[in-house]
Amino acid sequence: MYFSSSLWLIQYLVSGIFSFSVSVYVLFKKTKTLTLRFFFLYGLIVGIWEFAAYLQRTAPNQEISSLYFMLLSVSSSLSLPMYLSTILSIRWKNRRPFLVFLPAIASNVVLPFLPYDLFFTEFGWSYRTNNASFPSIIMIGAYLIYLIAIILALLELTRKARSSFLQMKFGLLFSSFFAFQAIGIPLSSYLLTLNENSPPFGGILNFLTFIFIGLALLVKEEKMPLASIAIKDFSTIYSSFLNILYNATTDTSLGEESFKFVDFIKQSNIENSVILTRKGIIFKKDVNFDIVDLINKNLRILEKNFADSEVTDYYLRVLNVSHDLIGEAFNEILKENEVFLKKTDLIYGVAKGQYLDQIVEDKSLEEMDDAEACLKIYKRILLLVADDIKDSVDARKRLAMYYATKNVKISEYGEISMRGVKESINEAPKEECVPLLIESFNSFISWAYEKVLTIPGYDVQTLLERVHKTLFLNKVKAVDLNILHTFLERLAARIPRIQVQQLYSGYLEELVEERTDRLKETQKRLLKTERMAAIGETAGMVGHDLRNPLQVIFNFLYLLKNKLGSSPVPSGQKETLEKLIDVISEQAYYMDKIVSDLQDFARPITVEFVQTSLQKLVNEVLCTTQIQGNIETSVEVSEDFPMVTLDPALMKRVFANLFSNAVQAMPDGGKLTVSALQEKDNITITVSDTGVGISKENMRKIFTPLFTTKARGQGFGLAVCKRLVEAHGGTISIESEVGKGSAFTISLPFIGKPIEKNEQSNSKAL
Numbered sequence: 001m002y003f004s005s006s007l008w009l010i011q012y013l014v015s016g017i018f019s020f021s022v023s024v025y026v027l028f029k030k031t032k033t034l035t036l037r038f039f040f041l042y043g044l045i046v047g048i049w050e051f052a053a054y055l056q057r058t059a060p061n062q063e064i065s066s067l068y069f070m071l072l073s074v075s076s077s078l079s080l081p082m083y084l085s086t087i088l089s090i091r092w093k094n095r096r097p098f099l100v101f102l103p104a105i106a107s108n109v110v111l112p113f114l115p116y117d118l119f120f121t122e123f124g125w126s127y128r129t130n131n132a133s134f135p136s137i138i139m140i141g142a143y144l145i146y147l148i149a150i151i152l153a154l155l156e157l158t159r160k161a162r163s164s165f166l167q168m169k170f171g172l173l174f175s176s177f178f179a180f181q182a183i184g185i186p187l188s189s190y191l192l193t194l195n196e197n198s199p200p201f202g203g204i205l206n207f208l209t210f211i212f213i214g215l216a217l218l219v220k221e222e223k224m225p226l227a228s229i230a231i232k233d234f235s236t237i238y239s240s241f242l243n244i245l246y247n248a249t250t251d252t253s254l255g256e257e258s259f260k261f262v263d264f265i266k267q268s269n270i271e272n273s274v275i276l277t278r279k280g281i282i283f284k285k286d287v288n289f290d291i292v293d294l295i296n297k298n299l300r301i302l303e304k305n306f307a308d309s310e311v312t313d314y315y316l317r318v319l320n321v322s323h324d325l326i327g328e329a330f331n332e333i334l335k336e337n338e339v340f341l342k343k344t345d346l347i348y349g350v351a352k353g354q355y356l357d358q359i360v361e362d363k364s365l366e367e368m369d370d371a372e373a374c375l376k377i378y379k380r381i382l383l384l385v386a387d388d389i390k391d392s393v394d395a396r397k398r399l400a401m402y403y404a405t406k407n408v409k410i411s412e413y414g415e416i417s418m419r420g421v422k423e424s425i426n427e428a429p430k431e432e433c434v435p436l437l438i439e440s441f442n443s444f445i446s447w448a449y450e451k452v453l454t455i456p457g458y459d460v461q462t463l464l465e466r467v468h469k470t471l472f473l474n475k476v477k478a479v480d481l482n483i484l485h486t487f488l489e490r491l492a493a494r495i496p497r498i499q500v501q502q503l504y505s506g507y508l509e510e511l512v513e514e515r516t517d518r519l520k521e522t523q524k525r526l527l528k529t530e531r532m533a534a535i536g537e538t539a540g541m542v543g544h545d546l547r548n549p550l551q552v553i554f555n556f557l558y559l560l561k562n563k564l565g566s567s568p569v570p571s572g573q574k575e576t577l578e579k580l581i582d583v584i585s586e587q588a589y590y591m592d593k594i595v596s597d598l599q600d601f602a603r604p605i606t607v608e609f610v611q612t613s614l615q616k617l618v619n620e621v622l623c624t625t626q627i628q629g630n631i632e633t634s635v636e637v638s639e640d641f642p643m644v645t646l647d648p649a650l651m652k653r654v655f656a657n658l659f660s661n662a663v664q665a666m667p668d669g670g671k672l673t674v675s676a677l678q679e680k681d682n683i684t685i686t687v688s689d690t691g692v693g694i695s696k697e698n699m700r701k702i703f704t705p706l707f708t709t710k711a712r713g714q715g716f717g718l719a720v721c722k723r724l725v726e727a728h729g730g731t732i733s734i735e736s737e738v739g740k741g742s743a744f745t746i747s748l749p750f751i752g753k754p755i756e757k758n759e760q761s762n763s764k765a766l
C-alpha cells in the first residue's frame, strides 16, 4: 500500500518536471514572441504548483503542510490567468494584460480567510474547504471565469485559423484543456469530497495537458510554394508578395504570427480579393481597384508589424510594378510614407532610385550602430543596380567569394535581403565587423558596377548621378565609417570611365573644400580666442588704472556738494550747480560700472558659498535699481522659499545686470517679474519683462562679449552674468519675442547646506 501511494505522489514530481521542460523548450526558439514568453511563465507556474502539491502531501506535520497548501493555492490561481494570457496573445494583443489577473488577485486576497481542514490519508495530507464560505465562493467564481474565457478563446482561435494545420494545433490545445482542466480537475476535486482516501489525479491531468501542448507545438504549418512568374502584372506580383508574407508567418510555435497575415489582409480591405489554395495565394483585383490607397495601407501595416522583418524588403516588387502602372501618382505614396521608405531602404530601389531627387535628407542611420549603418549604405548602393545583376551566375559566384557577402540574397525582382549577413557578422569580433564589411562589399559592388556600366547603351550618367545622391544622403555615416572614400577610390580604380573619374574627383574637390572651410573656421576661432584673451588682459589693466582717478572724482564731487550746501550762492545758481554735479556723478557711476564689468570679465572668479534668502537678495537688488514709475515690479518668491547656497555678492551683480537690462527694454513702461521654483536638485530663477524683445539673429550672440544692441554699452553685462552663473555650476538661457518681451532663466544646483572651505577653494572659473 505504501509503494502504491508513493507512486501516486511521484506523479506530481514527474508532471512538474515535464511541464517545466516543455516551457523551457520554447526558450530555444529563434523567435521570442510575447506568446512564448507567457507560455514559459505558464509552464513555470504549473511546475511550482506540482512541486508544492507533492511537498504538501508529504509534509512531516500539519503546520508545514499548511504552508505548502498556501503556495499550492497561489500557484494554482495564477496558472489559469497565465494560460489565458498565452492564448489571448496569439490573436489579440492585449495592451493591458494585468486586467486578466484581476480575478486571480481577488482570489488570493481572500485566500488567508478561506476556512479549510487538513487531514492525513494514505496518500499523505489532504484538505477540505467550506464551499459555502464567502472566500470559497470568490475563488470558485474566479476559477469558472477563467475556464469559460479560455474555452471561448480557444474555440475562436480554432474557428478563425487560416489553415487546417493551425486548426489542428488549436484543436489540440482546446481538447486538452477542456478534457483535463475544465472537466478533469473539477471531477478530481469532487471525488475527494466523496472519499477522502481517493488518489490524487492533479499531477496526471497536468501531465496529459502538457503532452497535448507538446504535440501542438510540433505541428508545423505548410508553406506556400514560391514559383517564378512569367506574366508580371500587378495581380501576379502582388500574389507573390502575399505568398512571401504568408510563409514568413508560419514558423511560430503556437501560430501567434499567423494572424499578422490575416490582419494584413483584413486591414488592407482585400478579403474578397484574396484566395488561398494549395498551389499558393491568388490575388484578383476588381474594376474599382485603387492601387495608391492599397499601397498606403500596406506600408502603414508593414511599418507597424513588419518594420524589422525582411518581408518588407520583398515589398519592393509591389512598389516597382505600381510605379510602372500609376506613374506620377507614385509621388503621393512617397509624400505620405517618406520616413518609412527611407528607413527600410525601399526608396533607393524603386525604379532604380528614380525618386531620390525628391529627397532632401535621410536621417534614418543616425541611431544605428556602425555595422548596421554600414550594411544599410552598401545595400542602398547595390539596390541601384540589383535589377541588372539579379540573373547573373557570376554575381552569385562573386557574392560567395567574400566572407561578408556570401549571405546576401538578391531576388528575381532585384530585392536585397541582408538578414543573413547581420547574423553572420555578429560572430566576428566587434572591432573587425566594419573593416570586414567594407573590404567585402567594396570588392563586390565595384565588380557589379563594372559589369553594369559595360552593358551597351546603358545610361551611365543617370546611374552615377543616383550613386552620388545616395552617397550624399548617407554622407555623415559614410564619411564617419570611411566608406565614401574607399568605395569611390575602388570604383575609380576598377572602372576607367571619365564619368567615374569625375565622380571621384568631384568628391576629392568637395573634401578639399570642406577641410579648407574647417581650417578657416578653426583659424577664425583661434583669432577670436586670442583677441578675447588680449581684451581680458587689457581690461584688467585699464580697469585698475581707471579705478583710482574715478575714486578721486567721487571724493571731490562729495566735497563739492557739501561745500555748495554751506556756501552763500544764490538759490537759483545753487540748483543749477547741483544738477551739474548730479550729471557728472551719474556719468562717473556709469564709468565705474564699465570698469566693474571689465574687471569681472577679466579676472578669475572665486565663489564664496553662503546660505542665503533668495527673496531678501532679490528685494535688496531691486531697491538699488533705478526703476521708472511706469514700470511695475513683481517678486514671485515666497517667504518660505528654501534657503539657497550661493555667493550673494556675485549673484547681486547678476540680478543688477538683468534688472537694469529689463528696465532699459521698457522705455514706455511695462512689468518686471522675478519668480523662482525648486525642482528636485535645481533652483530655477526667471527674470522676465514685457519690453521690446530681442530678434532671433541677436539672441544667438546675446551672451557674446562686446556684443550689444544699445547706443550706450560695451557688451560685457550679459557675458559677465553668464560667467558668474556658470561659476556657481549653473546655466543661464533666454527666451524672447520681438514686441512681447524677454525672459532670462537661471538654473542653479540646489544645495541644502553651506559648502565647506575646502570645497570653496575649488570653485573657481577658468
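Per our numbering: the sequence shown = residues 1 to 766.
Yeah, the Cβ is synthetic: ideal placement off N, Cα and C, and Gly gets one too.
Residue 450 sits away from residue 410, with the two beta carbons spaced by 8 Å or more. Rounded to whole angstroms, the separation of the alpha carbons of residue 209 and residue 10 is 17 Å. Boundaries for residue 278: no beta strand (DSSP E) harbours it, and the DSSP string shows neither H nor E there. Counting C-beta pairs closer than 8 Å gives fewer than three between the segment 180-192 and the segment 217-228, which falls short of the contact rule. Taking 8 Å as the upper bound for CB-CB distance, residue 283 and residue 238 are in contact here, some 5 Å apart. Rounded to whole angstroms, the gap between the alpha carbons of residue 255 and residue 338 is 32 Å. Judged by DSSP in its simplified three-state form, residue 116 adopts strand. For the options 479, 399, 235, 427, the alpha carbon positioned closest to that of residue 417 is the one of 399. The beta carbon of residue 584 lies closer than 7 Å to those of 557 in the same chain, with the five residues before and after it left out. Using a C-beta cut-off of 8 Å, the segment 352-363 makes no contact with the segment 438-454, since fewer than three inter-stretch Cβ pairs fall below that distance. When DSSP states are grouped into helix, strand and coil, residue 676 belongs to the strand group.
For residue 106, there is no enclosing beta strand (DSSP E); the residue is found in the alpha helix (DSSP H) stretching over 102-110. In terms of Cα proximity to residue 53, the closest of 39, 87, 12 is 12.
A straight-line Cα-Cα distance of about 55 Å links residue 671 and residue 93. Unbroken alpha helix (DSSP H) stretches of 4 residues or longer found wholly inside the segment 154-211: 164-176, 185-194, given in chain order.
If you ignore the 5 residues before and after residue 617, its C-beta comes within less than 8 Å of the C-beta of 648, 651, 652, 655, all in its own chain and listed in chain order. With a 10 Å radius around the Cβ and a threshold of 16 neighbouring Cβ atoms, residue 257 comes out buried. Pairing residue 223 with residue 106, the inter-Cα distance amounts to about 45 Å. Within the same chain, Cβ atoms closer than 7 Å to the Cβ of residue 27 are found at 40, the five residues on either side in sequence being excluded. With a beta-carbon spacing of about 5 Å, residue 297 and residue 268 fall inside the 8 Å limit used to define contacts.
Bridge pairing for residue 743: 688, 735 [DSSP].
For residue 133, the CB contacts under 6 Å within the same chain, skipping 5 residues up- and downstream, are 115 in chain order. Residue environment analysis places residue 265 among the buried positions, since at least 16 neighbouring C-beta atoms fall within 10 angstroms of its C-beta. Boundaries of the alpha helix (DSSP H) harbouring residue 432: 430-453, taken from the DSSP string.
In the DSSP secondary-structure assignment, residue 92 is not bridged to any residue.
Just measuring C-alpha positions, the residue of 159, 321, 197, 613 sitting nearest residue 295 is 321. The continuous alpha helix (DSSP H) containing residue 466 extends over residues 460-473. Taken in chain order, the unbroken stretches of alpha helix (DSSP H) that lie wholly in the segment 610-680 and span 4 residues or more are 614-624, 648-664. Residue 337 is not bridged by DSSP to any residue. In the three-state reduction of the DSSP assignment, residue 127 falls in the strand class, which pools E and B.
Under the three-state reduction of DSSP output, residue 748 falls in the strand class. A Cβ-Cβ contact shorter than 8 Å links residue 180 with residue 205.
Judged by DSSP in its simplified three-state form, residue 320 adopts helix. For residue 495, the three-state secondary structure derived from DSSP is coil. Excluding five sequence positions before and after residue 744, the CB atoms of its chain that fall closer than 6 Å to its own CB belong to 658, 687, 734, given in chain order.
The alpha carbon of residue 45 has as its nearest neighbour, out of 65, 56, 73, 35, the alpha carbon of 73.
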